[in-house]
Amino acid sequence: MKNSKLIQAASEFGSPLYIYDANKIKYQYNRLVKSFKSVKNLQLNYAVKALSNISILKYLIDLGSGIDAVSIQEVHLALKGGINPEKIIYTPNGVSMDEIKFASELGVKINIDNLSVLEDFGNSHPEIPICIRINPHIMAGGNSNISVGHIDSKFGISIHQIPHLKRIVENTKIRINGVHMHTGSDILDIDVFLRAAEILFETANHFKDLDFIDFGSGFKVPYYPGDSETNIEELGKKLSKRFNLFCKSYGKNLTLIFEPGKFLVSEAGKFICKVNSIKQTTSTVFAQVDSGFNHFLRPMMYGANHHIENISNPDDTERYYSIVGYICETDTFASNRKISTISIGDLLCFNNAGAYCHTMSSNYNSRYRPAEVLYINNQLKLIRKRENFDDLIRNQINIFNE
Ligand SMILES: Cc1ncc(COP(=O)(O)O)c(C=O)c1O
Numbered sequence: 007m008k009n010s011k012l013i014q015a016a017s018e019f020g021s022p023l024y025i026y027d028a029n030k031i032k033y034q035y036n037r038l039v040k041s042f043k044s045v046k047n048l049q050l051n052y053a054v055k056a057l058s059n060i061s062i063l064k065y066l067i068d069l070g071s072g073i074d075a076v077s078i079q080e081v082h083l084a085l086k087g088g089i090n091p092e093k094i095i096y097t098p099n100g101v102s103m104d105e106i107k108f109a110s111e112l113g114v115k116i117n118i119d120n121l122s123v124l125e126d127f128g129n130s131h132p133e134i135p136i137c138i139r140i141n142p143h144i145m146a147g148g149n150s151n152i153s154v155g156h157i158d159s160k161f162g163i164s165i166h167q168i169p170h171l172k173r174i175v176e177n178t179k180i181r182i183n184g185v186h187m188h189t190g191s192d193i194l195d196i197d198v199f200l201r202a203a204e205i206l207f208e209t210a211n212h213f214k215d216l217d218f219i220d221f222g223s224g225f226k227v228p229y230y231p232g233d234s235e236t237n238i239e240e241l242g243k244k245l246s247k248r249f250n251l252f253c254k255s256y257g258k259n260l261t262l263i264f265e266p267g268k269f270l271v272s273e274a275g276k277f278i279c280k281v282n283s284i285k286q287t288t289s290t291v292f293a294q295v296d297s298g299f300n301h302f303l304r305p306m307m308y309g310a311n312h313h314i315e316n317i318s319n320p321d322d323t324e325r326y327y328s329i330v331g332y333i334c335e336t337d338t339f340a341s342n343r344k345i346s347t348i349s350i351g352d353l354l355c356f357n358n359a360g361a362y363c364h365t366m367s368s369n370y371n372s373r374y375r376p377a378e379v380l381y382i383n384n385q386l387k388l389i390r391k392r393e394n395f396d397d398l399i400r401n402q403i404n405i406f407n408e
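If you want my numbering, it's the 1-based position in the sequence shown plus 6.
Shown next as structure tokens:
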């Protein structure tokens, strides 16, 4: 998307603002499909948690995507987007049994990652097939908060618990229709991914009536010029070959599932905010913008490095800045960052604002969550209104004014 388009969007819809490029989402979707073209049955299930706007869901569903949902609310959103429930896989962790039963009544695939939950569910609903989430005990992922396949993780059923798992399956007569893993986000080493995949194949061999193997996600995308990324094409070549061999030995063409979030939407998103003030201190120059970690949490939550450009003045002398927000706590987006000279009123653009950005935003400091715009067919379409005071107060009850 050109800077002129981003500036136009900010002038039409105000700042701060999230903008998503539909073409980039489609490009990434097709890239992944192409990388696994030799697999007969491939299903990409978009991870709603990355960016849950209903227009984004509908766009991906129309491209052919299934859905990975981690809450009953995400299941409802996907159904509202018009998807067939069979194309949704629901992967809860630590939710109530009522929520799991409710999801199963809606006809979505159920993925369970806890033996006692499996036993309880199997006892009451032996007729509903279940996918099991395995913890392969592989350390992967770019940050300890997003690395979820290791031995201390709360996710998945340990591979060392397979004998107990099999006993529960025999006792309850439940059918296992899939095996799943998700080791973490920001995986760079393809060999680590393939090692985890081998563990999943071994697990799959314990169950004779599978329909699919779900390899989760965790593909790394570049966040700034020169940053690394998962080599999807190489992974596609290696894993497809291995998967096809496995299907041959298993005696059935299983479906290969991925659940990409970041890979599909991260780079498609831009976050635009406006500079409110420039403040020189003894150690740095702060550029303070009309936003904060309430709108854009990843730098504070994960230490994420999002590339930032001054789109109002892109070609001037570069200077060092700390880009911060207006929250009443330290909310640093970037420290000591070289950016084209910034003046009050300039628009800054944060890259990779598609995944885990708007979905993680809040009303902290009683600020309104930003609007969202989809750039599609050369048009800027508002897909979420900016919140206002009515939104902020809607669910609050002033018991002293009744
Ligand atoms: C179970 C599961 N699947 C898929 C994803 C999507 O991961 P990513 O955004 O790295 O593609 C996540 C992310 O947390 C996840 O927990």
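Don't be surprised by glycine CBs; every beta carbon is placed ideally from N, CA and C.
Residue-chain proximity (residue i, chain B), Cβ-Cβ < 9 Å
| i | result |
| --- | --- |
| Thr209 | No chain B is present in this structure, which holds just one protein chain. |
Extent of the continuous beta strand (DSSP E) to which residue i belongs
| i | result |
| --- | --- |
| Thr261 | Thr261 to Phe264 |
| Phe218 | Phe218 to Asp220 |
| Gly275 | Gly275 to Gln286 |
| His409 | Lying outside 7 to 408, the shown extent of the chain, residue 409 is not represented and no answer is given. |
| Gln49 | Leu48 to Ala53 |
| Ile73 | Gly72 to Ala75 |
| Lys115 | Lys115 to Ile118 |
| Leu57 | Neither: Leu57 is in no beta strand (DSSP E) and is coded neither H nor E. |
| Val379 | Ala377 to Ile382 |
| Ile95 | Ile94 to Tyr96 |
Endpoints, the alpha helix (DSSP H) within which residue i is located
| i | result |
| --- | --- |
| Cys253 | Ile238 to Tyr256 |
| Glu80 | Ile78 to Lys86 |
| Arg201 | Ile196 to Ala210 |
| Val330 | That residue, Val330, is in no alpha helix (DSSP H); its beta strand (DSSP E) goes Glu324 to Val330. |
| Asn29 | Ala28 to Ser41 |
| Tyr230 | It is not in any alpha helix (DSSP H) - Tyr230 carries neither H nor E in the DSSP assignment. |
| Lys109 | Reading the sequence as shown, one finds Ala at residue 109 and not Lys. Where Ala109 is concerned, the enclosing alpha helix (DSSP H) stretches over Met103 to Glu111. |
| Val175 | Ile168 to Thr178 |
| Leu124 | Leu121 to Ser130 |
Other residues of its chain near residue i: CB distance less than 7 Å, five sequence neighbours each side excluded
| i | result |
| --- | --- |
| Ile78 | Glu105, Phe108 and Ala109 |
| Thr388 | Correcting the residue identity first, residue 388 is Leu in this sequence and not Thr. So the list reads Phe19, Ala377 and Val379, once near-sequence residues are dropped. |
Helix, strand or coil at residue i according to DSSP, with G and I counted as helix
| i | result |
| --- | --- |
| Ala310 | coil |
| Thr338 | strand |
| Val295 | strand |
| Ile152 | Note that Ile152 has pLDDT 49, beneath the 50 cutoff, so the model's placement of it is unreliable and the number below is only indicative. If DSSP states are grouped into helix, strand and coil, Ile152 belongs with the helices. |
| Ser372 | helix |
| Ala359 | coil |
| Gln402 | coil |
| Ser159 | coil |
| Arg139 | strand |
| Phe225 | strand |
| Lys344 | strand |
| Ser17 | helix |
| Arg392 | coil |
| Lys11 | helix |
| Gly1 | Nothing in the structure corresponds to residue 1, since the chain is present only between 7 and 408. |
| Lys64 | helix |
| Glu133 | coil |
| Ile165 | helix |
| Leu69 | helix |
Cβ-based neighbour list, residue i, same chain, cut-off 6 Å, excluding 5 preceding and 5 following
| i | result |
| --- | --- |
| Arg400 | none |
| Ser44 | Ser246 |
| Glu239 | Ser41 |
| Ala310 | Arg304 |
| Ser297 | Pro22, Cys279 and Gly331 |
| Gly222 | Met187, His188 and Glu265 |
| Thr178 | Gly128, Asn129 and Pro132 |
| Tyr370 | Asn300 |
| Glu393 | Tyr374 and Arg375 |
Beta-carbon contacts of residue i that lie in its chain and below 8 Å, excluding the five residues immediately before and after
| i | result |
| --- | --- |
| Thr261 | Asn47, Leu48, Gln49, Asp217, Phe218 and Ile219 |
| Ser130 | Lys107 |
| Asn237 | Ile196 |
| Lys134 | Note that residue 134 is Ile in the sequence shown here, rather than Lys. Around Ile134: Ser110, Ile116, Phe127 and Ile180. |
| Arg343 | Ile314, Tyr326, Tyr327, Ser328 and Ile329 |
| Ile350 | Val281, Asn282, Ser283 and Ile284 |
| Pro320 | Asn9 and Ser346 |
| Val291 | Ile284, Lys285, Arg325, Tyr326, Tyr327 and Ser328 |
| Val123 | Met103 and Ile106 |
Subject >> At least 3 beta-carbon pairs within less than 8 Å: the segment 10-17 vs the segment 359-373 >> reply: no
Original post:
Does the pairing of the segment 301-308 with the segment 49-57 give three or more beta-carbon distances under 8 Å?
Top reply: no
Original post:
Can we say the segment 374-385 touches the segment 352-360, given the rule of at least three CB pairs closer than 8 Å?
Top reply: no
**OP:** Give a yes or no on contact between the segment 312-321 and the segment 339-349, applying the rule of three or more CB pairs nearer than 8 Å.
**Re:** yes
Original post:
Touching or not, the segment 93-100 and the segment 114-128, by the rule of three or more beta carbon pairs under 8 Å?
Top reply: yes
Original post:
Touch check for the segment 64-76 and the segment 276-290: three-plus C-beta pairs under 8 Å?
Top reply: no
**OP:** Answer yes if the segment 186-199 comes into contact with the segment 126-140, meaning at least three C-beta pairs across the two stretches below 8 Å, and no otherwise.
**Re:** yes
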